[in-house]
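Numbering-wise, numbering that gives the first Met the number 0 puts 133 at position 134 of the sequence shown, and it's gapless, one number per residue.
First the structure, in the form of structure tokens, and then the observations on it.
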Amino acid sequence: MRSLRGFLAALQLSALSPPPAAGFFHPAPPLRRRLRRPPLPFGVGGGGPRTAPIHQPPRLGGASEEESSGGGSSTLTDWVIENLEGGESGSVTSESSTKAGENDTLPAGGLRIGGRFRILPSLSADGSDEAPDGDGDDDEEIDEESGEVIINIRLLVGRNGWGTGVHPTTRLCLEWLADPGVLSGGERILDYGCGSGILSVAALGVGAASSLGVDVEAEALISAERNAELNGYGDGRFEGMHVREMLPRSVFPQADVCVANILVGQLVRPSMVTTIITNLAPGGWLCLSGIRPSEVDSLKEAYGEYVEWKDEYYAELAASDTVGSIESYGFDVGTWSRLVGRVKENGGMDVEAMSELAVS
């Protein structure tokens, strides 16, 4: 039932969302293209199967100047929010002093990651009680080991709002973003499989200019938008998009960094490889997680023609070595990997020569 609601929400997002704010990192002008849709069920919209034209991509965080000054107005359509939150289902998100994401339990005092991030429940008593403004100056605290300013990331509890740092894959991605050699400031981020939006918020906290969060679940996009706003990025620096709106070469300008914390079955699909690579600028960073050590070679083969792997950033992490993992999940989720590379300067992909499956 949840999947059906998410699918219907995705269809409505495309038709009802307002246009993106000028100057924001967003897909190329939609009037130049139409996105192929799966057929609508019989009896919906006039009888037989059909495809629906897309007039504008979904926009969650790209608020206009007027919206931004209005104090955190959501750019999701009212219909989508009502569809997912009405009746017995209740709100997609809620607040807690101990839990975040999909009911993950965070340690008292927050979850420290990479000498740079501290993950907190939305109602945690630690840190300031006021919402941050996203300029990095709130309650500055220096990590003794790294010497870096600690960035507090507050997260709501959210349906399909996966990602708090208690899973090894999320922690691996956060540790990579915390590395001072990765982000220097001003980057455009593509957060593929954004879930709670934690990786987008972390990248923005380090100094990225904007982040585009992509997910298959409309509920995750709502969670990510609200978490971005909670952390002071409700001004348009974060934007959410349903995965069905993503096409090869549809993001302009191209992203400088892509983090994709998704299971290997999706990451190796030709359509996924094509979409990620063609929306990354030459020389752009690609960080892949959600993978087991035994699956790394498959990913290297799928992306190797276009990516130069940086072995110094390869890492593995076991649940037993991940703070809060076993406590939150109730069992050992095992060992996971992180694979990092940069798009080759001459690694362009010939989309026209690819099969229709790669762009459908």
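All C-beta atoms, glycine included, are put in the ideal place defined by N, C-alpha and C.
A quick note: this is a predicted structure, and the numbers were derived from the prediction, not measured.
Short Cβ contact (7 Å threshold) for Ser288 with Thr168: Taking the sequence shown and counting its residues from 1, one reaches residue 288 at position 289. Taking the sequence shown and counting its residues from 1, one reaches residue 168 at position 169. Closer than 7 Å, so yes.
From Asn345 to Glu326, what does the alpha carbon distance come to, in whole angstroms? Position 346 of the sequence shown, counted from the first residue, corresponds to residue 345. Position 327 of the sequence shown, counted from the first residue, corresponds to residue 326. Each residue's alpha carbon lies about 46 Å from the other.
What is the DSSP secondary structure of Cys257, reduced to helix, strand or coil? For the purposes of this step, residue 257 is taken as residue 258 along the sequence shown, with counting starting at 1. It is a strand residue.
Same chain, Cβ closer than 6 Å to Asp128, neighbours up to 5 away in sequence not counted: As a first step, residue 128 is located in the sequence shown; it is residue number 129 there, counting from the start. In this prediction, Asp128 scores a pLDDT of 44, lower than 50, which makes its location untrustworthy; the coordinate-derived value is nonetheless stated afterwards. Cβ neighbours of Asp128 beyond the five flanking positions: none.
Taking all protein chains shown into account, do 16 or more other C-beta atoms lie within 10 angstroms of the C-beta of Glu216, making it buried, or fewer, making it exposed? Your numbering for residue 216 matches position 217 in the sequence shown. That one is buried.
Going by DSSP, which residues form a beta bridge with Ile141? Translated into the one-based positions of the sequence shown, residue 141 becomes position 142. Its beta-bridge partners are Val148.
Let me know the secondary structure DSSP gives Trp161 once reduced to three states. One-based indexing of the sequence shown puts residue 161 at position 162. It is coil, neither helix nor strand.
Would you mind stating whether Asp234 and Ser210 have Cβ atoms separated by less than 7 Å? For the purposes of this step, residue 234 is taken as residue 235 along the sequence shown, with counting starting at 1. For the purposes of this step, residue 210 is taken as residue 211 along the sequence shown, with counting starting at 1. Not closer than 7 Å, so no.
Looking only at C-alpha atoms, which of Leu182, Val165, Trp161, Ser93 sits nearest to Asp331? Sequence index remark: in the sequence shown, residue 331 carries index 332 (1-based). The candidate whose alpha carbon is nearest that of Asp331 is Val165.
Please report the residue range of the beta strand (DSSP E) in which Leu211 lies. Stepping through the sequence shown from its first residue, residue 211 is reached at position 212. It spans 209-214 - the beta strand (DSSP E) in which Leu211 sits, taken as one unbroken run.
Which listed residue (Leu176, Arg115, Gly146) has its alpha carbon closest to that of Ala259: Sequence index remark: in the sequence shown, residue 259 carries index 260 (1-based). Taking only the C-alpha atoms, the option nearest Ala259 is Leu176.
Please classify Pro120 as buried or exposed, where buried requires at least 16 other C-beta atoms within 10 Å of its C-beta. As a working mapping, residue 120 is identified with position 121 in the sequence shown. So Pro120 ends up on the buried side.
Identify, in the order they occur along the chain, each residue of the same chain with its Cβ nearer than 8 Å to the Cβ of Gly283, setting aside the five sequence neighbours on each side. The residue labelled residue 283 in the question sits at position 284 within the sequence shown. Only Gln253, Ala254, Asp255, Val256, Cys257, Arg341, Val342 meet the Cβ criterion.
Where the alpha helix (DSSP H) through Gly178 begins and ends: For the purposes of this step, residue 178 is identified with residue 179 of the sequence shown, where counting begins at 1. Sequence check: residue 178 is Asp here, not Gly. Element bounds for Asp178: n/a, residue is neither H nor E.
Bounding residues of the beta strand (DSSP E) (the contiguous stretch that carries Leu279): Here residue 279 is taken as the residue at index 280 of the sequence shown, counted from 1. Here the beta strand (DSSP E) through Leu279 covers 279-290.
Threshold first: 3 residues or longer. Then list the beta strand (DSSP E) segments lying entirely within the region 287-328, N to C. For the region 287-328, whole beta strand (DSSP E) runs of length 3 or above, ordered along the chain, are 306-308, 314-317.
What did DSSP end up calling Gly204 once you bin it into helix, strand or coil? By 1-based counting over the sequence shown, the position of residue 204 is 205. Residue state for Gly204 is assigned as helix, using DSSP reduced to three classes.
If you draw a straight line from the C-alpha of Val205 to the C-alpha of Glu304, how long is it? Here residue 205 corresponds to residue number 206 of the sequence shown, with the count starting at 1. Here residue 304 corresponds to residue number 305 of the sequence shown, with the count starting at 1. Distance between the alpha carbons of Val205 and Glu304 is about 30 Å.
To the nearest angstrom, how far is the alpha carbon of Thr334 from that of Leu171? Counted from its first residue, the sequence shown places residue 334 at position 335. Counted from its first residue, the sequence shown places residue 171 at position 172. Rounded to whole angstroms, Thr334 to Leu171 spans 11 Å at the Cα level.
Tell me which same chain residues have a C-beta within less than 6 Å of the C-beta of Ala301, skipping the five on either side of it? For the purposes of this step, residue 301 is taken as residue 302 along the sequence shown, with counting starting at 1. Answer for Ala301: Val267, Val272, listed in chain order.
Roughly how many whole angstroms lie between the Cα atoms of Ile276 and Ser90? For the purposes of this step, residue 276 is taken as the residue at position 277 of the sequence shown. For the purposes of this step, residue 90 is taken as the residue at position 91 of the sequence shown. Near 36 Å, if we compare the C-alpha coordinates of Ser90 and Ile276.
Candidates Glu140, Gln265, Glu84, Arg158: which alpha carbon is nearest Val242's? In the sequence shown, the residue the question calls residue 242 occupies position 243. The shortest C-alpha separation from Val242 is found at Gln265.
Using DSSP with H/G/I as helix, E/B as strand and the rest coil, what is Arg337? Mapped onto the sequence shown, residue 337 falls at position 338. Note: Arg337 maps to strand in three-state DSSP.
Contact under 7 Å by Cβ, Thr97 with Gly157: Start at 1 with the first residue of the sequence shown, and residue 97 comes out as number 98. Start at 1 with the first residue of the sequence shown, and residue 157 comes out as number 158. No.
Going by beta carbon distance, what residues of the same chain come within less than 6 Å of Ser336, once the five residues before and after it are set aside? Here residue 336 is taken as the residue at index 337 of the sequence shown, counted from 1. Around Ser336: Ile290, Pro292, Val295, Glu315.
Closest Cα partner of Arg187 within the set Asp142, Pro247, Phe237: On the sequence shown, position 188 is the one that residue 187 refers to. Among Asp142, Pro247, Phe237, the Cα nearest to that of Arg187 is on Phe237.
I'd like the list of long-range same chain contacts for Val263, defined as Cβ closer than 8 Å, with 5 residues on each side in sequence excluded. As a first step, residue 263 must be located in the sequence shown, where it is residue number 264. Taken in chain order, the residues that qualify are Gly289, Ile290, Arg291, Glu294, Ser297, Leu298.
Beta-carbon separation of Leu122 and Ser95 under 7 Å? To locate residue 122, count along the sequence shown from 1; it is residue 123. To locate residue 95, count along the sequence shown from 1; it is residue 96. Going by C-beta atoms, Leu122 is nearer than 7 Å to Ser95.
Please work out which residues of its chain come closer than 8 Å, Cβ to Cβ, to Ser68, disregarding the five sequence neighbours upstream and downstream, and give them in chain order. Counting from 1 along the sequence shown, the entry for residue 68 is found at position 69. A caution first: Ser68 carries a pLDDT of 32, below 50, which makes its placement in the model unreliable, though a value can still be read off. Cβ within range, chain order: n/a, list empty.
Rounded to whole angstroms, what is the Cα-Cα separation between Gly160 and Glu307? Within the sequence shown, residue 160 is the residue found at index 161, counting from 1. Within the sequence shown, residue 307 is the residue found at index 308, counting from 1. Cα-Cα distance, rounded: 32 Å.
Does the separation of the CB atoms of Arg111 and Glu147 fall below 7 Å? The residue you call residue 111 lines up with position 112 of the sequence shown. The residue you call residue 147 lines up with position 148 of the sequence shown. Judged by beta-carbon spacing, Glu147 lies beyond the 7 Å limit of Arg111, meaning their Cβ atoms are not closer than that value.
Are the Cβ atoms of Gly113 and Leu173 separated by less than 7 Å? Counting from 1 along the sequence shown, the entry for residue 113 is found at position 114. Counting from 1 along the sequence shown, the entry for residue 173 is found at position 174. It is a contact, given that the beta carbons lie within the stated cut-off.
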